[in-house]
Amino acid sequence: MNLTSPSQENIEHMIEAMKKKLQLVNSGLIQGSDYSLQQYDDLKELFDMVMKMPSFSVRDMEEIVSELGALKK
1 MNLTSPSQEN IEHMIEAMKK KLQLVNSGLI QGSDYSLQQY DDLKELFDMV MKMPSFSVRD
61 MEEIVSELGA LKK
């Protein structure tokens, strides 16, 4: 998938991939539709960071989820 161009479909893909990698228990609380194209660059940056991390501490997960919450519409 080409994530270089902002689209709602790309946002949905990035959110779903991050939820899967983070193995979130309450993943239903984070939906791609909660984010607008205005946050695309920030979401892409967070996505790239999450996908590069081999594992996550509890603190890492809290910070990532907090950042996702801050980026919501």
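The numbering used here numbers the first residue of the sequence shown as 1 and each following residue consecutively.
A virtual CB, placed ideally from N, CA and C, is assigned to each residue, including glycine.
Give every residue of the same chain whose Cβ lies closer than 7 Å to the Cβ of residue i, excluding the five residues on either side of it in the sequence, and list them in chain order.
i	result
Leu-43	Ile-11, Met-14, Tyr-35 and Leu-71
Between the Cα of residue i and the Cα atoms of the options, which residue gives the shortest distance?
i	options	result
Val-98	Leu-3, Gly-32, Glu-9 and Leu-22	In the structure as shown, the chain begins at 1 and stops at 73. Residue 98 is therefore absent and cannot be evaluated.
Phe-56	Gln-38, Glu-45, Glu-9 and Leu-24	Leu-24
Could you check if residue i is buried or exposed, using at least 16 other CB atoms within 10 Å of its CB as the buried criterion?
i	result
Val-50	buried
Lys-19	buried
Leu-68	buried
Give a yes or no on whether the C-beta atoms belonging to residue i and residue j are separated by under 8 Å.
i	j	result
Gly-28	Glu-16	no
Gln-8	Leu-37	yes
Once you ignore the five residues that flank residue i on each side, which residues in its own chain have a CB closer than 8 Å to its CB?
i	result
Ser-5	none
Asp-60	Met-53
Met-1	Asn-10 and His-13
Please go through the region 33-67 and give each complete alpha helix (DSSP H) segment of 4 or more residues, from N-terminal end onward. 40-52
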